[in-house]
Amino acid sequence: FLPHLIASLEQVDQTYIMVKPDGVQRGLVGEIISRFEKKGFKLTGLKLFQCSKELAEEHYKDLKGKSFFPKLIDYITSGPVVCMAWEGVGVVASARKLIGATDPLQAEPGTIRGDLAVQTGRNIVHGSDSPENGKREIGLWFNEAELCQWNPAQAPWLRE
Ligand code: GDP
Ligand code: MG
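For the UniProt record's numbering, count along the sequence shown from 1 and bump the result up by 76.
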């Protein structure tokens, strides 16, 4: 009883994951979704989307002023992206680990970037860096009607 009570008090976080245009062009959408799906997180939003310059700039507003910012905006708006919202206990930090380091040459083998990419400017996937940014970014890329609350049948087989 007590462990269940403690478990139910555990914070469920949300993260915004995005397959960038290079990931879509290279046919890696299924592979990338699969990594999060197999891990056991819950998908609550998913769409293919061509984003505007304004949205890309808002998403990456903390990087405004960096020398690579204009290139980054061109990259992210260069073709459709796949937007995803994922939910789970510890999902933000865990997704960052699954994604790997920003520079794919530094990313560990076994991570998405470590296995599938070679350069920072083409690092195929985005993941929120904090629970606060997870919420912020999901709010930026999705409207309420595009997000689904559901109970995965596997839930009792994932967490005691
Ligand atoms: P992330 O959280 O691992 O994605 O990394 P950051 O938040 O630091 O940067 C956001 C994104 O900007 C990265 O994923 C890259 O796509 C891009 N970026 C970061 N640093 C550089 C850089 O030095 N050069 C280029 N071309 N792009 C960069
Ligand atoms: Mg970041």
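Using N, Cα and C, we set each Cβ at its ideal position, and we do this for glycine too.
D98 places its beta carbon less than 8 Å from that of I200. At least one heavy atom of ligand 1 lies closer than 7 Å to the C-beta of T196. A distance criterion of 7 Å places the beta-carbon of D205 in contact range of ligand 2, judged by its closest non-hydrogen atom. Between the C-alpha atoms of D191 and I152 there is a straight-line separation of about 21 Å.
Counting other Cβ atoms within 10 Å of its Cβ, A193 reaches 16 or more and is therefore classed as buried.
Bridge partners of H202 according to DSSP: M94. A contact between stretches requires three or more CB pairs, one per stretch, nearer than 8 Å, and the region 140–149 fails this requirement with the region 165–184. According to the DSSP assignment, G121 belongs to no alpha helix (DSSP H) but to the beta strand (DSSP E) extending over K118 to F125. An exposed status is given to A221, since fewer than 16 other beta-carbon atoms sit within 10 Å of its beta-carbon. Apart from the 5 residues on each side of it in sequence, Q101 sits with its Cβ closer than 8 Å to the Cβ of G155 in its chain, given in chain order. Taking 7 Å as the cut-off, one finds at least one heavy atom of ligand 1 near enough to the beta carbon of F144. Distances between the C-beta of H202 and the heavy atoms of ligand 1 include at least one below 7 Å. Collapsing the DSSP output to three states places G166 in coil. Between ligand 1 and the CB of N209, the shortest heavy atom gap is not smaller than 7 Å.
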